[in-house]
Each structure stands twice: as C-alpha cells, then as structure tokens.
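Sequence order for the protein chains is A and B. Following the numbering used here, the numbering of the first sequence begins with 1 at its first residue and continues without gaps. Following the numbering used here, the numbering of the second sequence begins with 295 at its first residue and continues without gaps. The beta-carbon is built from N, C-alpha and C at its ideal position, and this holds for glycine as well. This report refers to the structure that appears directly beneath it.
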Amino acid sequence: MSGSASEGVALGAVPGIAAQSGPARRVRSLRGLAAGFGRAALPWALPVAVILLWQAAASLGFLSSRVLPAPGDVALAFWRTLNDGSLLANVLVSTRRALIGLAIGGGIGFALGIANGIWRPAETALDSTLQMLRNVPHLAIIPLVILWFGIGEEAKIFLVAIGVAFPIYLNTFHGIRTVDRGLVEMARVYGLSPAALFWRIVLPGAMPSILVGLRYALGIMWLTLIVAETIASSSGIGYMTMNAREFLQTDVVVLGVLAYALLGKAADSLTRAIEHRMLAWHPAYQGRRAGLAS
Amino acid sequence: MSTPLTAFGDGALTSPRPPPPAAAGARCGAHITLGGVVKAFGERPVLRRLDLAVPAGQFLAVVGRSGGGKTTLMRLIAGLDGATSGRVAVGGEIVTGLQSQVRLLFQDARLVPWQRVLGNVGIARGPDWRHAAARALRDVGLGDRGREWPLVLSGGQKQRVALARALVSRPSVLLLDEPFGALDALTRIEMHRLTERIWQEHRFTTVLITHDVAEAVALADRVVVLRQGEIALDIPIDLPRPRREAGDPAAAALQARILAAV
Ligand SMILES: Nc1ncnc2c1ncn2[C@@H]1O[C@H](COP(=O)(O)OP(=O)(O)O)[C@@H](O)[C@H]1O
Ligand SMILES: [Mg+2]
Chain A
1 MSGSASEGVA LGAVPGIAAQ SGPARRVRSL RGLAAGFGRA ALPWALPVAV ILLWQAAASL
61 GFLSSRVLPA PGDVALAFWR TLNDGSLLAN VLVSTRRALI GLAIGGGIGF ALGIANGIWR
121 PAETALDSTL QMLRNVPHLA IIPLVILWFG IGEEAKIFLV AIGVAFPIYL NTFHGIRTVD
181 RGLVEMARVY GLSPAALFWR IVLPGAMPSI LVGLRYALGI MWLTLIVAET IASSSGIGYM
241 TMNAREFLQT DVVVLGVLAY ALLGKAADSL TRAIEHRMLA WHPAYQGRRA GLAS
Chain B
295 MSTPLTAFGD GALTSPRPPP PAAAGARCGA HITLGGVVKA FGERPVLRRL DLAVPAGQFL
355 AVVGRSGGGK TTLMRLIAGL DGATSGRVAV GGEIVTGLQS QVRLLFQDAR LVPWQRVLGN
415 VGIARGPDWR HAAARALRDV GLGDRGREWP LVLSGGQKQR VALARALVSR PSVLLLDEPF
475 GALDALTRIE MHRLTERIWQ EHRFTTVLIT HDVAEAVALA DRVVVLRQGE IALDIPIDLP
535 RPRREAGDPA AAALQARILA AV
C-alpha cells in the first residue's frame, strides 16, 4: 500500500483492511464506508419514505383500511397466509398454470414461427390466417372459454397459451426472416448441410428476436392469468384476492398484487439471465473490455 | 430429395457436393475456363460473351470499375449463380452448383458473430476440424486468437480469419472479391504479403477481384480488365517476387497501361 491520499474510494470498498491501519486512516475509512453505504441506500430512500408515510397515514386514521391497508397489516397478512399454507399453495397453482400455458402456447408459436420462417409453402398457407387471428384480443373470448372449459384448469391454461403464442410466433418468424443473408450464403458456399445451416446460423441469428418475443410473452402470460383467475377460478393468487375482497380483507388483496409483481419480476430476471447466456457474443452483452475493443 | 429452408434457397443452383473424402494432402490448383459466357439480369446484360482461360495455379487479378460485373463473374465461377448462356468449368468440370474445391472471400468477412474464431474457421466442421482450424489460424498468424468472439477483432484480423476459413478445406481455387478494400493502407500491405505467401505454399488458382490497380500489379501473374462486361485488356505481370509495394518503375508502367484501359 502506498499510503497516498487517493485511497478514500478504495478503502471504502475494502473496509476490513483499512480498519487495521492507523487512526487517521480509520477516520477516512469510516467516511468512505458511510459514503459507500449512502450510495447503496439512496435508491431505497424513496420507497422507504413512501412506506413510512403510508404507515403513518394509516395509523393516524387518514387512510381507511377499506381503501388501503397499512403496510404493517400487509406484512401480518403475509405472515398469516404463509403459516396456514394458503399463500404458497396459491402461488404454486398460479405459477403452474403460467408455465404450462407458456410451454404449450410458446411451443406452438415457436414451431409455427420456425416452420413459416424457413419454409415458404407453410408461410403461404398459414401466415395470413395467423395475422388475422392475432388481431382478436384473446381476453375477449373469456366467455366462450368458460362455456367450453368451465372454470377448470384448462380454461386458464388455454387463455395463457393463446396469449403467449402470438408474440413468440411473430418474433420467431421475424427473427428468422431477418437473419443476415450474407451469412446464409457464406454457409452454403462452405458446404453446410441444411440441418447445420439451421442450427449454426439461422436459429442463433434469430435468437435475439426470439428472446424479445419471450419477454413480451411473459408479460402477457401474467396479465392473462391475473384476469382469468380473477374472473373464473377457485384457486390461485387471483382467486385469493377476489375471495379476500368479499370479506373486505384489503391487506390480502395488496399481498396478492405484490405476489404477482414479484413473480413478474422473477420471470423477467430469468429471461435476462438467459439473454446474457445466449447472447454472450453480442456486443451489448459483452464485458467492458470487449466493448472498448470494437 | 427436397430440402427445407426454401426461404433461403434462391441463390445456389444445387446443394454443395459432399466434401472430399480426406482433407489430407494439398490439392494443387484447378484451371478455370469460361466460354462465351453471357449473364443478364432481366434485359440488362452484365457480362457479354466472355472468354477466359485461367491455368492451374495462376494468380489472376480482375480489375474494373464498380458495377462492371466483377462480382457477377466471381459468383458464376463459384456456382452461386448460373450463366444466362455459355459455359463455366473448373478443373475441367462444368460448374452446375457450389463446389467444395472452390472457396471465396467476401468483401465483408462474413464471420458468424456467435461462433468463436476457431468455430468460424472450422464452420463446416467435419472430422478433426479443430486441428485443421487451429492449423489454418496459425497459418494466418492468429494462432492465439481462437477463443475470441469475431466482433472484438479488427478489420484486418477478421479477413485473416476468413482466409483461414477458406484454407481449411485445402481448396484448389480461391476467389477473392475485393477482400482488402475496406482496410487501411498498412494492413492492406500486410494482407498482400500474407496472401502471396499462402498462395505460394498452397498453389491454388487465385482470382483476385479489385478496383485497386496497384494491388493487382503487386500480387498477380496476370491482370484482366473488365469493362462493360467485356475484357478490355489482358496482360501478364512478369515482375519478380517478392515485389515492392511502391517505387518500382516497371510496375508503375504496367499500372499506367491498366489504368488507361479501365
Ligand atoms: N442479382 C442481381 N439482380 C439484378 N442486377 C444485378 C444483380 N447483381 C448484380 N447486378 C447488376 O449487375 C451489374 C454488375 O454488378 P457487379 O458484378 O456487382 O459489379 P462489380 O462487382 O464489378 O462492382 C451492376 O449494375 C448490378 O446492379
Ligand atoms: Mg463487386
């Protein structure tokens, strides 16, 4: 260690080492530690302030619990539903519906996107029909879906599948059609078989667009599920909140909203992780070194 | 047999022939012959009754203005397009589609961004491709860059990788479509020396397309000027190798003759 004056920042980052040094350094390191803590805490300041204000307004009686429950009550509701197992059960039911719907609808959308993207006759036969169907808002057919399936699992899974299929289809199709023609030509010149051309050039080239479709589909997936569970269900987070509404348990309603938000966030983080893995070659996903070099 | 991927299948006449049984042992060059070749896009003729014979192992440069039909000529030799009339043959065989003995370098390197450098060089895979690709990379002076993504390489390095990719299958014909046009002057000279060295080692027939007359005179055994779809000049370059990039009066005289014809 050189002991120069420029250590404030570095010491803030390694407080354990700094604490063993002389008293002057200790003061500086404490200041650095406080600065580091401040930087980390700053983004949280506003939400924490809002929650404190909200709690205060509720405690002082400005905010009726019929309009909005106090944060403390939501926390209590969380604890209560966690202990009686209903929260976890409902979250699992909802997650299961979401994932099955995504697998079915996403699988169909992906397969259609691939088929129409690489095979002209399929596009000619299917694309205009799909474009027409795409314009039907899938939530508008909820009454029909209830008539067909009742309020069982099939209804929710069907709606989610329909909802996610189109964004995945469109982005897969678009991704495949916009693969660099020069690369495809190069691959043919270098003797790649049709299968190798697909796996090594076409699919990876379409992947950025496919992942955009996936992220979009995940948003639609949760939205569809919320609506479907709220209207016609006897389990799941949506059912939990509608049930709570009948008993004026606004704390449980807010808890359900939070649960949806967290599930949505988790899905988004997962796609981000997938993007970082699949698009590691892409300049936008590379480290600083690569970014500077190009 | 009908292959899928029809959305991409507009260019080539047929799918490529299977690669040769063993990549061992360098093939020597194959001769190229064009007889009365006409190529028209719609009503507009781009090549008008072209006759050209390139002996095996020759380094030919084709010079011409932009839009003069140079790339079109190269695509015919590669089998990427068919001639409107006339015949194109490589190694005595009429070209009907892509050929594994012909490799080409595009002006843009056309590296696959999601394959590492080594994966790009061995893009056709095949038996023991890693060794073959690593050897080709060493050949172009990039032996230590196999693990990199192509997007971090400089323009000259990308063309080196593309050259290595072309060398892996030991082609008998190498077609170069203005591959050095986008490079800075120093890198271009480096690439000239590299291309010349590799050509001297492998002895494949080389067709270099360029609009740079100095480049043509520095590298080629023979220069052909393509003007409005016809051969306007066809001269041998008898300068000894290795050649100087600048300052040779004999080369300057040749350049002047070619420029007058372009
Ligand atoms: N696929 C095509 N369809 C129509 N015209 C083309 C096509 N390819 C090339 N051409 C035309 O042929 C002419 C020669 O093009 P090209 O061979 O690329 O010239 P060069 O490589 O010498 O610059 C140009 O006028 C170009 O517009
Ligand atoms: Mg050209």
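Tell whether a beta-carbon distance below 8 Å holds between A512 (chain B) and I552 (chain B).
To locate residue 512 (chain B), count along the second sequence from 1; it is residue 218. To locate residue 552 (chain B), count along the second sequence from 1; it is residue 258. Not a contact, by the Cβ cut-off of 8 Å.
For the beta strand (DSSP E) holding R342 (chain B), just list the boundary residues, first then last.
Locating residue 342 (chain B) in the second sequence gives position 48, counting from the first residue. Taken as a continuous stretch (DSSP letters only), the beta strand (DSSP E) holding R342 (chain B) covers R338 to V348.
Can you tell me whether R200 (chain A) is buried or exposed, with buried defined as 16 or more other CB within 10 angstroms of its CB?
Reading the first sequence from its first residue, position 200 is the one you call residue 200 (chain A). R200 (chain A) comes out buried.
Alpha-carbon spacing of A546 (chain B) relative to I492 (chain B), whole angstroms:
The count along the second sequence starts at 1 and reaches residue 546 (chain B) at position 252. The count along the second sequence starts at 1 and reaches residue 492 (chain B) at position 198. Roughly 25 Å between the two C-alpha positions.
Are the C-beta atoms of L183 (chain A) and some chain B residue less than 8 Å apart?
As a position in the first sequence, residue 183 (chain A) is number 183, starting the count at 1. Answer yes: the Cβ-Cβ gap between L183 (chain A) and chain B drops below 8 Å somewhere.
For a test of the three-state rule: what should DSSP assign to A316 (chain B), helix, strand or coil?
Here residue 316 (chain B) is taken as the residue at index 22 of the second sequence, counted from 1. Only weak support exists for where A316 (chain B) lies, its pLDDT of 38 falling under 50; the value from the coordinates is given anyway. A316 (chain B): coil per DSSP, three-state reduction.
With 16 other CB atoms within 10 Å as the buried threshold, where does A514 (chain B) fall?
What you label residue 514 (chain B) is simply residue 220 of the second sequence in a count that begins at 1. It counts as buried.
Simplified DSSP state of R551 (chain B), which is helix, strand or coil:
The count along the second sequence starts at 1 and reaches residue 551 (chain B) at position 257. Residue state, collapsed to three classes: helix.
Assuming R535 (chain B) contacts E490 (chain B) under a Cβ cut-off of 8 Å, what Cβ separation, rounded to an integer in Å, is found between them?
The count along the second sequence starts at 1 and reaches residue 535 (chain B) at position 241. The count along the second sequence starts at 1 and reaches residue 490 (chain B) at position 196. That belief holds up - the Cβ atoms of R535 (chain B) and E490 (chain B) are roughly 7 Å apart, short of 8 Å.
Using a Cβ-Cβ distance cut-off of 8 Å, determine whether V189 (chain A) contacts chain B.
The residue labelled residue 189 (chain A) in the question sits at position 189 within the first sequence. So, interface residue.
Kindly say whether P283 (chain A), judged by its beta-carbon, lies nearer than 8 Å to any beta-carbon of chain B.
Residue 283 (chain A) sits at position 283 when you count from the first residue of the first sequence. By this cut-off, P283 (chain A) is an interface position.
Could you check what DSSP says for A123 (chain A) in three-state terms: helix, strand or coil?
The residue labelled residue 123 (chain A) in the question sits at position 123 within the first sequence. A quick correction: the sequence has Glu, not Ala, at residue 123 (chain A). Reduced to three states, the DSSP call for E123 (chain A) is helix.
Within-8 Å CB hit, M186 (chain A) to chain B
Within the first sequence, the letter at position 186 stands for residue 186 (chain A). So yes, M186 (chain A) belongs to the interface.
What is the DSSP secondary structure of T504 (chain B), counted as helix, strand or coil?
Taking the first residue of the second sequence as position 1, residue 504 (chain B) is located at position 210. Three-state DSSP puts T504 (chain B) in a strand.
Does the distance from the CB of L218 (chain A) to the CB of Y169 (chain A) come in under 8 Å?
For the purposes of this step, residue 218 (chain A) is taken as residue 218 along the first sequence, with counting starting at 1. For the purposes of this step, residue 169 (chain A) is taken as residue 169 along the first sequence, with counting starting at 1. Contact flag unset, no.
Tell me, to the nearest whole angstrom, how far the beta carbon of V331 (chain B) is from that of G373 (chain B); I am working on the premise that it is less than 8 Å.
As a working note, residue 331 (chain B) is residue 37 in the second sequence. As a working note, residue 373 (chain B) is residue 79 in the second sequence. In fact, because the Cβ distance is near 13 Å, the residues do not count as touching under 8 Å.
Taking 5 Å as the limit, name every residue whose beta carbon sits nearer than that to some heavy atom of ligand 1, in sequence order.
B:F335, B:V340, B:S360, B:G361, B:G362, B:G363, B:K364, B:T365 and B:T366
CA-to-CA distance, K333 (chain B) to Q401 (chain B), given in whole angstroms
Within the second sequence, the letter at position 107 stands for residue 401 (chain B). Within the second sequence, the letter at position 39 stands for residue 333 (chain B). Cα to Cα, the separation comes out at about 22 Å.
Over what stretch of residues does the alpha helix (DSSP H) that includes P71 (chain A) continue unbroken?
Taking the first sequence and counting its residues from 1, one reaches residue 71 (chain A) at position 71. From DSSP, the alpha helix (DSSP H) with P71 (chain A) extends over P71 to N83.
Considering only heavy atoms of ligand 2, does any lie closer than 7 Å to the CB of E472 (chain B)?
In the second sequence, residue 472 (chain B) corresponds to position 178, counting from 1. Because some heavy atom of ligand 2 lies under 7 Å away, the Cβ of E472 (chain B) counts as near it: yes.
Suppose contacts are defined by Cβ-Cβ distances below 8 Å. Is T81 (chain A) in contact with V252 (chain A) by that definition?
Translated into positions along the first sequence, residue 81 (chain A) becomes position 81. Translated into positions along the first sequence, residue 252 (chain A) becomes position 252. It is a contact, given that the beta carbons lie within the stated cut-off.
How big is the Cα-Cα spacing for G152 (chain A) and S233 (chain A)?
Along the first sequence, read from residue 1 onward, the residue named residue 152 (chain A) stands at position 152. Along the first sequence, read from residue 1 onward, the residue named residue 233 (chain A) stands at position 233. Roughly 7 Å between the two C-alpha positions.
Beta carbon proximity, S394 (chain B) to chain A, threshold 8 Å:
Along the second sequence, one-based indexing puts residue 394 (chain B) at 100. Closer than 8 Å to some Cβ of chain A, the Cβ of S394 (chain B) qualifies, so yes.
List the residues of chain B that I201 (chain A) touches, going by C-beta distances under 7 Å, in chain order.
Taking the first sequence and counting its residues from 1, the one referred to as residue 201 (chain A) is at position 201. V406, listed in chain order.
Could you tell me whether the Cβ atoms of R215 (chain A) and D268 (chain A) are closer together than 8 Å?
Counting from 1 along the first sequence, the entry for residue 215 (chain A) is found at position 215. Counting from 1 along the first sequence, the entry for residue 268 (chain A) is found at position 268. In this structure, D268 (chain A) lies closer than 8 Å to R215 (chain A) by Cβ.
Proximal chain E residues relative to L192 (chain A), where beta-carbon distance stays under 9 Å:
No chain E is present in this structure, whose protein chains are A and B.
Report, in whole angstroms, the separation of the C-beta atoms of L477 (chain B) and G450 (chain B), which I expect to be a contact under 8 Å.
Looking up residue 477 (chain B) in the second sequence gives position 183. Looking up residue 450 (chain B) in the second sequence gives position 156. About 5 Å; that satisfies the 8 Å criterion.
For V145 (chain A), which residues of its own chain have a beta-carbon under 7 Å away from its beta-carbon, when the five flanking residues on both sides are left out?
As a first step, residue 145 (chain A) is located in the first sequence; it is residue number 145 there, counting from the start. Cβ within range, chain order: A155, F158 and L159.
Rounded Cβ spacing between G256 (chain B) and Q395 (chain B) (contact assumed at less than 8 Å):
No information on residue 256 (chain B) is available, as it lies outside the stretch 295 to 556 that chain B covers here.
Rounding to the nearest angstrom, what Cα-Cα distance links Q393 (chain B) and R188 (chain A) in this structure?
For the purposes of this step, residue 393 (chain B) is taken as the residue at position 99 of the second sequence. For the purposes of this step, residue 188 (chain A) is taken as the residue at position 188 of the first sequence. Cα-Cα distance, rounded: 10 Å.
Applying the 10 Å Cβ sphere with the 16-neighbour rule, what's the burial state of D345 (chain B)?
Taking the first residue of the second sequence as 1, we reach residue 345 (chain B) at position 51. Exposed, because fewer than 16 other Cβ atoms sit within 10 Å of the Cβ of D345 (chain B).
Ordered along the chain, which non-local residues of its own chain (more than five positions away) have a Cβ less than 7 Å from that of G363 (chain B)?
Sequence index remark: in the second sequence, residue 363 (chain B) carries index 69 (1-based). Closer than 7 Å at Cβ, skipping near neighbours: V340, L341, L520 and G523.
Could you name the residues that DSSP lists as bridge partners for I525 (chain B)?
One-based indexing of the second sequence puts residue 525 (chain B) at position 231. Paired residues: B:L520.
Contact check, P407 (chain B) vs L447 (chain B), beta carbons under 8 Å
In the second sequence, counting from the first residue as 1, residue 407 (chain B) sits at position 113. In the second sequence, counting from the first residue as 1, residue 447 (chain B) sits at position 153. Taking 8 Å as the Cβ cut-off, P407 (chain B) and L447 (chain B) do not qualify as a contacting pair.
Which residues, taken in chain order from the segment 347-359 of chain B, show a beta carbon closer than 7 Å to some beta carbon of chain A?
none
Closest to D433 (chain B) by C-alpha separation, out of B:R454, B:I371 and B:E337, would be which residue?
In the second sequence, counting from the first residue as 1, residue 433 (chain B) sits at position 139. Comparing Cα-Cα distances from D433 (chain B) to each of B:R454, B:I371 and B:E337, the minimum goes to B:R454.
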